[in-house]
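Peer 1: A single structure is presented below for examination.
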Amino acid sequence: MTNKNKFSGCYVINDTFDVVNFNDVAKETYPSLIKGKKCYKCLMDSEAPCDVCPIVNEVKGPKVYFDPIRHIYETVDAINLPLSDGSVGHALIFSTTGEREAVSRQLPTTEKELRALLNQHKYDKLTEHLSREGFIEEADALFHRQTPSDYAVAVFDIYNFKAINDIFGIDGGDQLLRFVLEKIDDSFLAPEISARLESDWFVFLIRRDHFRWEDLDDLLKIKYVYHGRTIHLQLRCGIYFVEAPSTSASQMVEWAITAKQNVDRDSRHQYTFYEPQMSFDQISEAQMLIDFKKSIKEHHFKVYYQPIISLHTGKIHTAEALVRWQHPERGLIPPDVFIDLFEKNGQISELDHYVLKQVYAFQKKRAEAKKPIIPVSVNLSWQDFYDDHLMDQIMTLKKQGDLPVGAVNFEVVETSMAALEQNANYLLEQIRESGSKLLLDDFGTGYSSFRILGNYPFNIIKIDRSFISQIETNLKIRSIVASIIQMAHSLHMEIVAEGVETKAQLRLLQKEGCDHIQGYYFSKPLPEDDYFTFLEAENTWPLSWEDNVLNSDQELSCMKDLLDHSGMFIQVCHPEDYTMVYANALTKIVSGHPEKPYKGEKCYEYMLGFEAPCGHCPMQKMGNENEKEMEVDDGEHVFHLTGRYANWGGKKVFIENGRDVTNTKNAERRYTNRVKDILANIPDGQGVFHVDLTTDTWMSSDGHAQNARDMQDMANVDALIRQIGSFVPEPAGQEKFFNVFCRQALLDAYADGHFQVILETDSYYDDGKIRWSRIIANLIENPSNGHLECIIYGVDISDEKIRLEELQLKEKQAMLEEEVNEVRELYNQADRDRRVDFLTGLYNRLDLFELIQKSLTGKFASIETMYMLDIDNFKHINDTYGHSTGDLCLKELGGLLKQFGEQHHICFYRYGGEEFLGIGLDQSNPQALAAELLTEIDALTVPLALQSSISFTVSIGYTTNNRRYEKMIDLADQAMYLAKKQGKNRVVGH
């Protein structure tokens, strides 16, 4: 007896239950099997057949039984067969190490195993620690036993885990995740509960007194060795200190995640603590992330170009591509709002890719128009170096040869280089070798500026604007800038000074030998069309001191007006005919055509393009005064001016100088509107308090609450906060209130970029009742005096809290229902797996016999035809090409049978080995259908290696005798073997 199926055990007994034969799998599974002995004696040491014996109970077809020997479920099929002595025997075939046993091993056999199956969602298979659901359940249970405020929830993740996963592979990444979790679990933090949330996110419940901040930074830097390769990991951590005992563990985890996402990559500490403002900021950020894809698709992101001017020629040398977001609803969003957000959420590479394509398209448009190509530099984020698609795109665009070498250059900020270390060196070399120049941006802002210059192949250094803005007033900064320029030249690098806005800055940079400048002094960033026009003008800027402006006969008193004050425009003209005598550089830039000569031109024509003096002309506002300060509004801008009459070479002139104060006026309007909005949205019954944080002054206490109106003439801000905090019931709550809203805390919050501070707490109201309240402090800068002010008020959110708790209850109920459905689906999937042959995708004999049973009981249609198929010479295929090729033939045939059966209403099953059974449910011509199937199988080819393939044939037998289904199977089988005897690859009917 040969073992045709290594996944099935088989033993044969006669009518008196004596063991006649067995295969190796059966003997391995049941070593007590002995030929000639009773099967029930061998297996069960029983004196009679088992109660569930399929022979005694005349069970037809396979059935699932519980095996008391191995304590698993298994499928047993009892089949009658003739023995050598002419008697009828019984073959019992049972599943062992195949799919059926694998499924059966997963089915619970005890109540303990059932509970384990139902709770498997609580555990993470990869790390064998708790999952998110398990952490929440365990933490909620612990908080019922312990004081919640003794604990903190901390969430960790790994910077650049995707890139690390790509380097080490899935298995290496999985080992790394287990390593990191165990590292934190075994650290000084000694977490009470540990879990893996998802991907590289881990969450821990830690006692507050376990934190050692001096050691946490070290813990967040982990050295990991994998197969001889060493990598230094940087983790980040968000921490939520448990406060309100009513808060769910699920919400605590979310707040810790929010804190983690607010960790600044460039910060000294890679951990931060949750603050309520983070959640409010996240709402706005989440909407921007949602809008990102649509804005990319609909080109809401606009590329602006800021010219970079050579100080050697006065002409444009290059330009920098900058991106602006013209949001369809929120208007223009500045880059400092969205760049960090997209970088933090991994979308910056997609944006950089978009900008790169726009720049190449612009340069190509210039080239096709036969225009000179001015190089444009594109900014690269540190994440771009891990984006193979973007880096390949850079190389591909360069190799296409559509543009001259160096048409597009690339800028990398200094802080990115510090983070990338050696990971970027090869790619930077490749970019430079392709002909592009590399610019080191924001030089001087990082911690390792000079080391970067020695390690990476940069061509140009861009000095950060924070240095340039101070070179007029800070001698030390001026010396640093001079040293940077000298050092760069000694390294054969060029220098660009960023943020140049005044002539004084220009002159100092010229004196120190700076090569190029970029800034509003020459041009703001321009939209593409304006930049195209800008290039057409081929401007040359005067870079030397303006000579011969003053003559010896001019009054000395005029000189104070002609001094080129920073950011101030100056204009001199004759009052009788408005002809211009003098205009400084800023005035010429404001005119829109700085290259055009102004002397002798009418001021209204040169500045505005008008044919007559405008209605807001400063001279017309002078009246009889000789000198006057005034504000002039031209409809688009507001100017603060000083106008005065003076003598110029013996002639009367009108001198005006001033600044554009549009932004200041707009800021004042925004301040007023914001205060109005805050006051308008304070609910009835609440108090409102206004303080000046800069001068530590109480300003007002008002509102509908009497207890608020009683707080008058407070000595300072902290005295007011103490008084307000006295309405919090518990002393601990009062102290917390003061710590959140005291003057220094509010100043620190504003310094950290927060404009609102929020605390939720219990509070007494005028009616003496305690309600859950949200206290809100709005931080506003008053542009009129530059002071930071704060408006504080409270909102009764008792109903909101109740609704939130109801919502959380519903969510928990929904989660429970989902868990039940998952368990139910697990059982359903296990049942489906038992019925499907994994290799061919067809149903197996178990499903076949259940369908036959349904047909016999009238629950399924009557079976009209049965087809039996067997692959010809299948043993030869296995022996010649190997069992993997044989399996591939079975798989391909299974797919063809499934498709053919769907077309012709035939259900095909894998009957065993290379045999397949088909059931026809209508009275179609079986001979014609079988012949058609034979033709399709003849045309089937199975691909092999080295571009070769094989084909095979089948023999088909069928019967339409439907008196007994078991008899139909035998008749179809006999017809199939008759087809083989007649030469194979043919159809025979019975």
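The opening residue of the sequence shown carries number 31 in my numbering; numbering runs sequentially from there. Each residue gets a CB set at the ideal place from its N, CA and C atoms; glycine is no exception.
(1) Among residues of its own chain, excluding the 5 on either side of Y636, which ones have a beta-carbon nearer than 7 angstroms to its beta-carbon?
(2) Got a sec? Which residues, its chain only, sit under 6 angstroms from K428 by beta carbon, not counting five neighbours each side?
(3) Which full runs of the alpha helix (DSSP H) of 4+ residues lie inside the segment 58-136, going along the chain?
(4) Just verifying my parser: in three-state terms, what is the DSSP assignment at Y608?
(5) Taking DSSP as the reference, what is the three-state secondary structure of F198?
(6) Determine the DSSP secondary structure at M425, reduced to helix, strand or coil.
(7) On the three-state DSSP scale, how would you describe P337?
(8) Taking the straight line between their C-alpha atoms, what separation do you get for Y675 and E661?
(9) By the three-class DSSP mapping on this structure, what secondary structure does S379 have?
(10) To the nearest whole angstrom, what separates the beta carbons of I339 and Y304, a pair I think is in contact under 8 angstroms?
(11) How is V530 classed by DSSP in three states: helix, strand or coil?
(12) Going by the CB atoms, is the gap between R266 and Y301 shorter than 9 angstroms?
(13) For my contact list, V511 and E542 are in at a C-beta cut-off of 8 angstroms; report their separation, rounded to the angstrom.
(14) From Q500 to I507, what distance separates their C-alpha atoms?
(15) Which residues in the same chain as V89 place their Cβ atom closer than 8 angstroms to its Cβ, once the five residues preceding and following it in sequence are excluded?
(16) Is the segment 278-296 touching the segment 179-197, taking contact as three or more C-beta pairs under 8 angstroms?
(17) If I'm right that D745 touches F771 with Cβ under 8 angstroms, what's the distance once you round it to whole angstroms?
(18) Which runs of the alpha helix (DSSP H) fall wholly inside the segment 642-710 and span at least 4 residues, in chain order?
(19) Specify the secondary structure class of R739 as computed by DSSP and reduced to three states.
(20) Can you list, in chain order, the residues of its chain with a C-beta nearer than 6 angstroms to that of G924? Leave out the 5 residues immediately preceding and following it.
(21) Counting pairs of beta carbons, one from the segment 224-240 and one from the segment 158-172, are three or more of them closer than 8 angstroms?
(22) For K492, which of helix, strand or coil comes out of DSSP?
(23) Tell me the DSSP secondary structure of H347 in three-state form.
(24) Would you mind stating whether A775 and L809 have Cβ atoms separated by less than 9 angstroms?
(25) Using the C-alpha atoms, what's the distance from D48 back to I64?
(26) So the candidates are G116, S217, E284 and P84; which of them puts its Cα closest to the Cα of F165?
(27) Alpha carbon to alpha carbon, what distance is there between A534 and C588?
(28) Buried or exposed for V435, going by 16 or more other Cβ atoms inside 10 Å?
(29) Could you please give the first and the last residue of the uninterrupted beta strand (DSSP E) stretch that includes I999?
(30) Assign Q1012 to buried or exposed, taking buried as 16 or more other Cβ atoms, counted over all protein chains shown, within 10 Å of its Cβ.
(31) What is the DSSP secondary structure of E168, counted as helix, strand or coil?
(32) Looking only at DSSP bridge pairs, what is P184 linked to?
(33) Any contact between the segment 197-213 and the segment 249-260? By contact I mean 3 or more CB pairs, one from each, below 8 angstroms.
(34) On the three-pair Cβ rule with 8 angstroms, is the segment 751-771 touching the segment 780-796?
(35) Rounding to the nearest angstrom, what Cα-Cα distance links R175 and S496 in this structure?
(36) Report the three-state DSSP secondary structure of D204 (helix, strand or coil).
Peer 2: Once the coordinates are examined:
(1) M610, S621 and Y628
(2) S464
(3) 69-74 and 129-136
(4) coil
(5) helix
(6) helix
(7) strand
(8) 17 angstroms
(9) helix
(10) Between Y304 and I339 the Cβ distance is about 47 angstroms, and since that is not below 8 angstroms, they are no contact.
(11) coil
(12) yes
(13) 7 angstroms
(14) 7 angstroms
(15) A108
(16) yes
(17) Per the sequence shown, residue 745 should be read as Ala rather than Asp. A745 to F771, Cβ: 16 angstroms. No contact.
(18) 692-710
(19) helix
(20) T870, G871 and L872
(21) yes
(22) strand
(23) strand
(24) no
(25) 9 angstroms
(26) E284
(27) Any reading at C588 must be qualified, since the residue scores a pLDDT of 47, below 50, and its modelled position is unreliable; the value itself is stated next. The straight-line gap from Cα to Cα measures roughly 20 angstroms.
(28) exposed
(29) No beta strand (DSSP E) holds I999; the alpha helix (DSSP H) holding it covers Y995 to K1011.
(30) exposed
(31) helix
(32) Note that residue 184 is Ala in the sequence shown here, rather than Pro. A184 pairs with F234 and I269.
(33) yes
(34) yes
(35) 54 angstroms
(36) helix
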